[in-house]
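Trainee: Residues in the sequence shown are numbered consecutively from 724, following this note's numbering.
Below is one structure. I have some questions about it.
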Amino acid sequence: MALVRAQHSEAVLATAERIVADGVDWVRFGQLAMRNRVLGLVSRGLNTFFPGAMARSAAVEFDQCVGRARMLGMVLLSTQLGLVERVLKPAGARYAALKGATLSARWYGDPLVRQSSDIDLLVDADGVVEVIQRMLAEGWQIASPFWKNQRLDMFVRFVGVVEMETADGRRVEVHRLIDGSGLVFDPETLLAQSTTIDLAGHQMPVLSVTDEFLTAVFHHSRHRWSCYHWVADLISMTGSSMLTPQQVVAARAHPILGPTVDAALTMGHNIDELVLSGEIDVDKPISPFLSVCLDSVDRGAPPPQPVEAPDPTAMEPDFPEHWQQTARYRARFQMARLKPSLTDLDWLPLPPQLAALHWLTRPVRIALQRVGNIVR
724 MALVRAQHSE AVLATAERIV ADGVDWVRFG QLAMRNRVLG LVSRGLNTFF PGAMARSAAV
784 EFDQCVGRAR MLGMVLLSTQ LGLVERVLKP AGARYAALKG ATLSARWYGD PLVRQSSDID
844 LLVDADGVVE VIQRMLAEGW QIASPFWKNQ RLDMFVRFVG VVEMETADGR RVEVHRLIDG
904 SGLVFDPETL LAQSTTIDLA GHQMPVLSVT DEFLTAVFHH SRHRWSCYHW VADLISMTGS
964 SMLTPQQVVA ARAHPILGPT VDAALTMGHN IDELVLSGEI DVDKPISPFL SVCLDSVDRG
1024 APPPQPVEAP DPTAMEPDFP EHWQQTARYR ARFQMARLKP SLTDLDWLPL PPQLAALHWL
1084 TRPVRIALQR VGNIVR
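Here you go:
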């Protein structure tokens, strides 16, 4: 935890030095780094501040893993730049890169040091269909089986993100929405406020600093901060001069994300305290994210999910915990869940000019489905 951040204070480095001096189980250390996708960040921290600290036998295997992770990062980076030149620019679509290499370059100064497993792109609603069509022409495939019986323009209308994949395992998520309901972020506003950064010599559109912070907090909280590279993002962003105190105040005042941002910032303080003192002061505020985060980081696995049969007719809330849902969000979500879904399109395929009829057929489908469940 002391090594993966982008900024290292003297107090944090002193703590790390004491831990190294006391002895480290480097095999387990390497395993946790791999599971938590922080190989590159840990390697950079060790090489910068504690060169030679890792046992020779462990260092060889560790460096090999770091090299493989960087190679995967190079493949994804090359793929992303290729999509810009062969798909996004010819399509004339407005877009912004999310997470991945751009987040790594912006906040850690190296597009390959932060591990990621896929590419995420936010594309304006009017350009999504052509982007997908051009990707299909380039050999990409749509991962979802639902689209094969549908017109592409209708399929895209009913999903917030289209997952694309290649035969060799590369994956791209083309986002029309950031969140499932479309209530948390307005994509048009995000794209209008976007900027560019240098990515391997190319100018790449990205979200504004504040928007990237908010979308990162939203995404990482959805995953319960269950992998340490997400926690590293939080600590690195809040410790960077790019994110000003005024922007943090504005983020905490977000009408929907406010409670989630507060809990994330509190968790960051808790983890800093844990790094420096080895314990949490129970007299200070403790984030509701903390215990699940630490348990998941230690196990190197996501938290267990409730074993329940989900209601296939219901839109899932964007927030896993009720306390994250503001009154404004809950009121708007009750209306949003009435919208026709991909299940409705699959149940009764209609041409675009008749798509509004799904508002009428949805209640019929749900009623028939519930009757069927009762009969069974």
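Think of the CB as a built atom: it goes at the ideal place given N, C-alpha and C, for glycine as much as any other residue.
Quick caveat: nothing in here was measured; it's all calculated off a predicted structure.
1) Apart from the five residues on each side of it in sequence, which residues of its chain come closer than 8 angstroms, Cβ to Cβ, to LEU999?
2) From ALA1032 to LEU1091, what does the alpha carbon distance come to, in whole angstroms?
3) Does the Cβ-Cβ distance between VAL952 and GLN838 come in under 8 angstroms?
4) Report the rounded CA-to-CA distance for ALA819 versus GLY991, giving the unit in angstroms.
5) Within the same chain, show all residues whose beta-carbon is closer than 6 angstroms to that of ASP1034, passing over the 5 residues directly before and after it, in chain order.
6) Pick out the complete alpha helix (DSSP H) segments inside the region 919-958, 4 residues or longer, and give them in chain order.
7) Mapping the DSSP letters down to three states, classify ASP1069 as helix, strand or coil.
8) Taking only three categories from DSSP, how would you classify GLU1031?
9) Tell me whether ASP833 sits in a helix, a strand or coil according to DSSP, three-state version.
10) Excluding the five sequence neighbours on either side, which residues of its own chain have a C-beta within less than 7 angstroms of the C-beta of VAL882, listed in chain order?
11) Would you identify the three-state DSSP class for MET990, choosing helix, strand or coil?
12) Thinking GLU886 and ARG894 are a contact (beta carbons under 8 angstroms), I'd like their distance in whole angstroms, please.
13) Could you please give the first and the last residue of the uninterrupted beta strand (DSSP E) stretch that includes LEU844?
14) According to DSSP, simplified to helix, strand and coil, what is HIS1045?
15) Which value, in whole angstroms, describes the spacing of the CA atoms of PRO978 and VAL932?
16) Report the three-state DSSP secondary structure of ILE979 (helix, strand or coil).
17) May I ask you to verify whether the region 749-757 touches the region 971-986, counting CB pairs closer than 8 angstroms and requiring at least 3?
18) Grab the span of the beta strand (DSSP E) containing MET877 for me, first residue to last.
19) Rounded to the nearest angstrom, how far is the Cβ of VAL852 from that of VAL897, given a contact under 8 angstroms?
20) In the structure shown, what three-state DSSP assignment does LEU821 receive?
21) What is the DSSP secondary structure of GLN864, reduced to helix, strand or coil?
22) Quick check on the burial criterion: 16 or more other C-beta atoms within 10 angstroms. Buried or exposed for PRO813?
23) What did DSSP end up calling MET797 once you bin it into helix, strand or coil?
24) Opposite VAL897 in the DSSP bridges: which residues?
25) I'd like the list of long-range same chain contacts for GLU784, defined as Cβ closer than 8 angstroms, with 5 residues on each side in sequence excluded.
26) For THR712 and PRO928, I'd like the C-alpha separation in whole angstroms.
27) Leaving out five residues on either side along the sequence, give the residues of the same chain with a beta carbon under 8 angstroms from the beta carbon of PRO834.
28) Determine, using beta carbons only, whether ASP1041 comes closer than 8 angstroms to chain B.
29) So does the region 860-872 actually touch the region 956-969, counting three or more Cβ pairs closer than 8 angstroms?
30) Only counting the same chain, and skipping five residues up and downstream in sequence, which positions put a Cβ closer than 7 angstroms to that of GLN926?
31) Run through DSSP, which three-state label would HIS1081 get?
32) If you compare alpha carbons, which of PHE908, MET965 and HIS731 is closest to LEU937?
33) How should SER964 be labelled, buried or exposed, when 16 other C-beta atoms within 10 angstroms of its C-beta is the threshold for buried?
34) Just verifying my parser: in three-state terms, what is the DSSP assignment at SER732?
35) Since ASN759 is in the alpha helix (DSSP H), which residue starts that stretch and which ends it?
36) Applying the 10 Å Cβ sphere with the 16-neighbour rule, what's the burial state of ILE901?
Mentor: To lay it out plainly:
1) As a position in the sequence shown, residue 999 is number 276, starting the count at 1. Excluding sequence neighbours, LEU999 sits near ALA734, VAL735 and THR738.
2) Counting from one through the sequence shown, the residue named residue 1032 turns up at place 309. Counting from one through the sequence shown, the residue named residue 1091 turns up at place 368. Residue placement at ALA1032 is poorly supported in this model, since its pLDDT is 39, which falls under 50; the coordinates still yield a value, given next. The alpha-carbon of ALA1032 is positioned some 18 angstroms away from that of LEU1091.
3) What you label residue 952 is simply residue 229 of the sequence shown in a count that begins at 1. What you label residue 838 is simply residue 115 of the sequence shown in a count that begins at 1. Looking at the sequence itself, residue 952 is His, so the reference to Val does not match. Result yes, Cβ atoms of HIS952 and GLN838 sit closer than 8 angstroms.
4) Your numbering for residue 819 matches position 96 in the sequence shown. Your numbering for residue 991 matches position 268 in the sequence shown. If you take the alpha carbons of ALA819 and GLY991, they lie about 27 angstroms apart.
5) The count along the sequence shown starts at 1 and reaches residue 1034 at position 311. Low local confidence applies: a pLDDT of 45 at ASP1034 is under 50, so the model's placement there is unreliable, with the coordinate-based value given in what follows. Counting only Cβ-Cβ distances below 6 angstroms, and skipping sequence neighbours, we find nothing.
6) List check, alpha helix (DSSP H) in window: 932-945.
7) In the sequence shown, the residue the question calls residue 1069 occupies position 346. If DSSP states are grouped into helix, strand and coil, ASP1069 belongs with the helices.
8) Here residue 1031 corresponds to residue number 308 of the sequence shown, with the count starting at 1. Low local confidence applies: a pLDDT of 42 at GLU1031 is under 50, so the model's placement there is unreliable, with the coordinate-based value given in what follows. GLU1031: coil per DSSP, three-state reduction.
9) The residue labelled residue 833 in the question sits at position 110 within the sequence shown. Here ASP833 sits in coil by DSSP.
10) Taking the sequence shown and counting its residues from 1, one reaches residue 882 at position 159. Spatial neighbours of VAL882 in its own chain (CB-CB distance under 7 angstroms, excluding positions within 5 residues in sequence) are listed in chain order as LEU1065.
11) The sequence position of residue 990 within the sequence shown is 267, counting from 1. MET990 falls in the helix class under three-state DSSP.
12) Here residue 886 is taken as the residue at index 163 of the sequence shown, counted from 1. Here residue 894 is taken as the residue at index 171 of the sequence shown, counted from 1. Taking a contact as a CB-CB distance under 8 angstroms, the pair GLU886 and ARG894 counts as one, their CB atoms being some 7 angstroms apart.
13) In the sequence shown, residue 844 corresponds to position 121, counting from 1. Counting along the chain, the beta strand (DSSP E) containing LEU844 begins and ends at 842-846.
14) In the sequence shown, the residue the question calls residue 1045 occupies position 322. Look at HIS1045 here: in three-state DSSP terms it is helix.
15) Here the question's residue 978 lines up with position 255 in the sequence shown. Here the question's residue 932 lines up with position 209 in the sequence shown. If I take the Cα positions, the gap works out to 18 angstroms.
16) For this step, residue 979 is matched to residue 256 along the sequence shown. In this structure, ILE979 counts as coil in the three-state DSSP scheme.
17) Taking 8 angstroms as the limit for Cβ pairs, the verdict is that the region 971-986 does not touch the region 749-757.
18) What you label residue 877 is simply residue 154 of the sequence shown in a count that begins at 1. Not the beta strand (DSSP E): MET877 falls in the alpha helix (DSSP H), residues 875-881.
19) Start at 1 with the first residue of the sequence shown, and residue 852 comes out as number 129. Start at 1 with the first residue of the sequence shown, and residue 897 comes out as number 174. Taking 8 angstroms as the upper bound for CB-CB distance, VAL852 and VAL897 are not in contact here, some 10 angstroms apart.
20) Working through the sequence shown from its first residue, we reach residue 821 at position 98. Shown here, LEU821 sits in a strand according to DSSP, grouped into three states.
21) In the sequence shown, the residue the question calls residue 864 occupies position 141. Reduced to three states, the DSSP call for GLN864 is strand.
22) Within the sequence shown, numbered from 1, the residue matching residue 813 stands at position 90. Note on PRO813: under 16 other CB atoms within 10 angstroms of its CB, so exposed under the neighbour-count rule.
23) Your numbering for residue 797 matches position 74 in the sequence shown. Helix.
24) Position 174 of the sequence shown holds residue 897. BP columns for VAL897 point to LEU844 and VAL885.
25) Taking the first residue of the sequence shown as position 1, residue 784 is located at position 61. Hits under 8 angstroms: GLY753.
26) The structure shown does not extend to residue 712, since the chain is modelled only from 724 to 1099, so the question has no answer here.
27) Along the sequence shown, one-based indexing puts residue 834 at 111. Closer than 8 angstroms at Cβ, skipping near neighbours: GLY796, LEU800, ALA824, THR825, SER827, ALA828, LEU922 and ALA923.
28) This model lacks chain B altogether, as it is built from one protein chain only.
29) With the cut-off at 8 angstroms, the region 860-872 and the region 956-969 do not touch.
30) The count along the sequence shown starts at 1 and reaches residue 926 at position 203. Cβ neighbours of GLN926 beyond the five flanking positions: THR919.
31) As a position in the sequence shown, residue 1081 is number 358, starting the count at 1. HIS1081: helix per DSSP, three-state reduction.
32) The residue you call residue 937 lines up with position 214 of the sequence shown. It is PHE908.
33) The residue you call residue 964 lines up with position 241 of the sequence shown. SER964 comes out exposed.
34) Reading the sequence shown from its first residue, position 9 is the one you call residue 732. Here DSSP, grouped into helix, strand and coil, assigns SER732 to coil.
35) Taking the sequence shown and counting its residues from 1, one reaches residue 759 at position 36. Note, ASN759: premise wrong, no alpha helix (DSSP H); not H, not E.
36) The residue labelled residue 901 in the question sits at position 178 within the sequence shown. With 16 or more Cβ atoms within 10 Å of its Cβ, ILE901 is classed as buried.
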